[in-house]
Structures are given as structure tokens and as C-alpha cells.
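Quick note, in our numbering, the sequence shown goes up one by one and the last residue is 824. Worksheet: the structure to be examined is printed underneath.
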Amino acid sequence: MLIAFPSAGDKFVVVTETIRGRDPMKRLFSRLQELDLKRKKASDEAQAAARKSGEKASQQVPYRRLVFRYAQAADNAYLSDILAEAKSVTAKFKRYEPSPRGGDRQVVSRTLTIELRDERGKIAARDTGKRWLKQMRGDHSPSRKTGVSELGDVLGSHGFVDEGETDGYEEATLSVASSDGGRTTIAVDTLRDVFTYPVSDGRPSVYYYYDKVAPRLSAVAREEGIRVRKLNPKEIEGWLDG
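This is the structure in C-alpha cells:
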């Protein structure tokens, strides 16, 4: 994991290596929150001690909590290439129900998968994905059920599903693969695998990994309003080896 800080502003970029699809971001921000709570507790205890010793309130500096919000940056050029050169598109509908073990855990109770291999299906799905992306970037994504309805109507109008076949599903996604190996999954409220590049079947070297990421990072960060200097894979290899 590498964190790239800009010269100014309160946004920064985190570059992570995922292994078998595991997302380290949740662990990172959970740890940051945990450390922040410890710092706040220490600050509260210091203030209590200061009050007890008769220190004036004006000399006490209250602790300011750290608040983080993270979102996956989208490599628009990479995404556009995948959509333009779509080799195959898969529409997937899912419905969930509570786990028999109880609690809040959910299990998939049914999945409907539709492979769209002809040009009509690919164009219809691609256009739907583009519309979801535009809405997402405008901060007015529809609900997941609306996404199910929209995709179901599009596929139904082209004869890929029967009327009412997608009713009752709770989530719809589109998985797009291009002829050169690029792929992404799009839903109404998330981009998965965009700026997640396939680099190796096994575990690549540190240099190999960052050499793939380096050319794109500055462009992707700039789209998010963050200016970071270009990565030097050799320099990063030295840092991490050290």
C-alpha cells in the first residue's frame, strides 16, 4: 500500500495491491478510526487533568476528530476503452435473504445471469452502464431497485428476458470485458475494478506492480481534483524494500 499526498488540500490517493479480490481499504480506515478514538481519549484525559489542576479553560485545546470518507477513483480513459471495445457483457441480477444463522448477514438466494454476446445486447448494456456512470458522477445515483428495473426494461425491450423475469431482484450489475483483457463491473452506486488493473497471474514484484500503475496515477488523481507527482517505480521499490 502506498499513500500519495498532494502539496495542498485535504484529499489524498491510496494505491493498494489486492490479492484474491481482498480490499485493504476498509481495514485501513477502520485502523485510522481506532487510532483517532485513542487520541481523543488521551486528549479528554489531558483536559480533565488540566481542569483538576485549575488550568483556565481558554488554555485547553479541544481535540478535533479526524473524519475520512473514501471512494474509488475511476480511470475514465481506461473505462471508456473497455466500453468501446466490449468483447462480452454479462448482466447479473441478485436477490438476498437473511442468513439461516441469524444476525444481519445476508446470503444470495437467487442469481440470474445473462450473457450478452451479440452486438444488440452489448450496445444496450453499454449504454445503460454509461447512464449509471453519469448519474453516479453527478451524485444522484438511483436506488439499486431502480437499477434492476432500468436494466430489466432495457434487456426486455431487446428480448433478452421475459416480461416480469427480473421482478423481485434487489441488485443488478454489468460486467464488461474488452478484447485486450481489460474488465470492469458497473452498478448504479459503485465501480468495481476500475483502476484495478490485471498485472499478473501470480504475485508480481513490487517494481512490476507500480510500473503498471505509475503512468495512470497522475491522470486519475487529476480527474478527482488531486495533484500528485508522478510515481517512480524504482524509488518506491527502494522505499518498500527498506
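From the three backbone atoms N, C-alpha and C, an ideal C-beta is built for every residue, glycine too. Just so you know, these numbers come straight off a predicted model, no measurement behind them.
{"Query": "Presumed contact (8 Å Cβ cut-off) between SER760 and LYS669, rounded CB distance", "Result": "6 Å"}
{"Query": "LYS812 versus VAL596 - alpha carbon distance", "Result": "14 Å"}
{"Query": "Classification of LEU614 by the beta-carbon crowding that lies within 10 angstroms, buried from 16 upward", "Result": "exposed"}
{"Query": "Close-in-space but distant-in-sequence residues of the same chain around ASP618 (CB under 7 Å, 5 per side omitted)", "Result": "ARG647, LEU648"}
{"Query": "Counterpart residues of PHE544 in DSSP-defined beta bridges", "Result": "Outside the displayed range of the chain (583 to 824) lies residue 544, so it cannot be described from this structure."}
{"Query": "Whole-angstrom C-beta distance between VAL802 and ASP657, which should lie under 8 Å", "Result": "5 Å"}
{"Query": "Sufficient close CB pairs (3 or more, under 8 Å) joining the stretch 691-699 to the stretch 741-751", "Result": "yes"}
{"Query": "Coil, strand or helix - THR766 by DSSP", "Result": "strand"}
{"Query": "Where ILE705 falls: helix, strand or coil (DSSP)", "Result": "helix"}
{"Query": "Extent of the continuous alpha helix (DSSP H) run through ALA628", "Result": "607-634"}
{"Query": "For PRO644, three-class secondary structure by DSSP", "Result": "coil"}
{"Query": "Best match in THR672, GLN688, ALA673, VAL671 for proximity to GLU679 [C-alpha to C-alpha]", "Result": "GLN688"}
{"Query": "CB-CB length for TYR652 against MET607, believed under 8 Å", "Result": "6 Å"}
{"Query": "Close beta carbons around SER589, own chain, < 8 Å, minus the five adjacent residues each side", "Result": "ARG809"}
{"Query": "Range of the contiguous beta strand (DSSP E) that encloses LEU737", "Result": "That residue, LEU737, is in no beta strand (DSSP E); its alpha helix (DSSP H) goes 726-739."}
{"Query": "Enclosing alpha helix (DSSP H) for ALA586 [first to last residue]", "Result": "That residue, ALA586, is in no alpha helix (DSSP H); its beta strand (DSSP E) goes 584-586."}
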